[in-house]
Ligand SMILES: Nc1ncnc2c1ncn2[C@@H]1O[C@H](COP(=O)(O)OP(=O)(O)OP(=O)(O)O)[C@@H](O)[C@H]1O
Ligand SMILES: [Mg+2]
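In this note's numbering, the protein residues as written are 233 to 583.
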């Protein structure tokens, strides 16, 4: 087992530079989530790794097996890279059975029929669809169709499986079940995977490492906890999690701490800015880190509670003051009216 390594990949589509120098490491046996907003280049990067798009610079290799190297003019065609690819639309053949959908690629490669049968049956049983081999796609649920699409990629026994938003066609509840299932499957089979998604919760849940892409460049990469808890930039902070944003003025920075003026009151947090005092600054805090208090105190702002909303497992509270809105969670609803909203200094980032 060897790592998949992408170095400084650049790719143009038409006039546009879509990938602007992307480097990426997929350690053997690990799941890497490729996360980013729509249009950031996730699908393009996945297709370049698979051999379906042609970069103009950079290198892609698994160990000694070089797939692409612009400097040495190496470019292996997709079918020789042996990677499993699952597209966002599963694109099953409607007039072929589950068995034949999974077997099709192996038949194209002229594999003997007995070996095809063994491989397909093994793959279908791995994904829990052994009993549905004779069915046609229209006789399957959405979740089962999506498993067939994954089986089609797994049947090649690829070292790395490339998944482009494989769960996005499923409804929310099914998607949560499917991501636990998929993570378990990948780990059990000892595969490496690149899992593309624009859903940050899915990325963190499914991956060992998250690579956050912004406009064709890697904005940040790391473990799910480091991306969530240690965002390096405003973009990363705002992309991960549900956030409150406080616009204010920078008062001072010292020893990694920054103080920001909001409504003429001081809030202290982690300094994530190099700006000088007096500049505009932005405070970011996750919804779940905001506290509600009944009296004034450090890092608290007086705000008005507008609308408590019941979410089932908790309440969401919406506070306002002037044109600023702050959302928070609570275990019980609070009285509408004035409250003190606390922004714990260890949970507030100042950009
Ligand atoms: N054939 C093309 N010619 C020119 N530009 C293209 C082409 N295909 C895609 N693009 C552009 O490349 C950029 C990246 O597209 P890509 O599909 O990789 O984004 P993505 O991150 O997968 O987005 P999404 O989350 O919406 O799937 C987009 O701005 C898109 O408009
Ligand atoms: Mg895409």
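Every residue gets a Cβ at the ideal spot worked out from N, C-alpha and C, and that includes glycine.
Around the beta carbon of residue 396, 16 or more other beta carbons lie within 10 angstroms, which makes this residue buried.
Annotation: residue 338 is outside any beta strand (DSSP E); the continuous alpha helix (DSSP H) that includes it extends over 330-340. Any heavy atom of ligand 1 within less than 6 Å of a residue's beta carbon puts that residue on the list, which reads 245, 246, 248, 250, 268, 270, 271, 272, 273, 274, 275, 276, 430. Under the three-pair Cβ rule at 8 Å, the region 392-410 does not count as touching the region 355-366. By the C-beta density criterion, residue 581 is buried, having at least 16 other C-beta atoms within 10 angstroms. Of the residues assessed, residue 489 falls on the exposed side of the cut-off, its CB having fewer than 16 other CB atoms within 10 angstroms.
About 5 Å separates the Cβ atoms of residue 384 and residue 334, confirming a contact at the 8 Å cut-off. Residue 576 and residue 533 have their C-alpha atoms spaced approximately 11 Å apart. Taken through DSSP and simplified to helix, strand or coil, residue 436 comes out as helix. Closer than 7 Å to some heavy atom of ligand 2: that does not describe the Cβ of residue 285.
Residue pairing by DSSP places residue 535 opposite 571 in a beta bridge.
By the 16-neighbour rule on beta-carbons within 10 angstroms, residue 552 is exposed. For residue 434, the Cβ stays outside the 7 Å cut-off from all heavy atoms of ligand 2. For residue 434 and residue 411, the gap between their C-alpha atoms comes out near 7 Å. Straight across, the Cα-Cα distance linking residue 491 with residue 505 is about 11 Å. Apart from sequence neighbours up to five positions away, the residues of its chain that approach residue 288 with a beta-carbon distance below 8 Å are 242, 243, 244, 302, ordered along the chain. Shown here, residue 545 sits in coil according to DSSP, grouped into three states, outside any helix or strand. When DSSP states are grouped into helix, strand and coil, residue 423 belongs to the coil group. Here the distance from the Cβ of residue 479 to the nearest heavy atom of ligand 2 is not below 7 Å. Within 7 Å of the C-beta of residue 397 there is at least one heavy atom belonging to ligand 2.
DSSP places residue 312 inside the alpha helix (DSSP H), whose first and last residues are 310-313. In the structure shown, residue 378 adopts helical secondary structure according to DSSP, grouped into three states.
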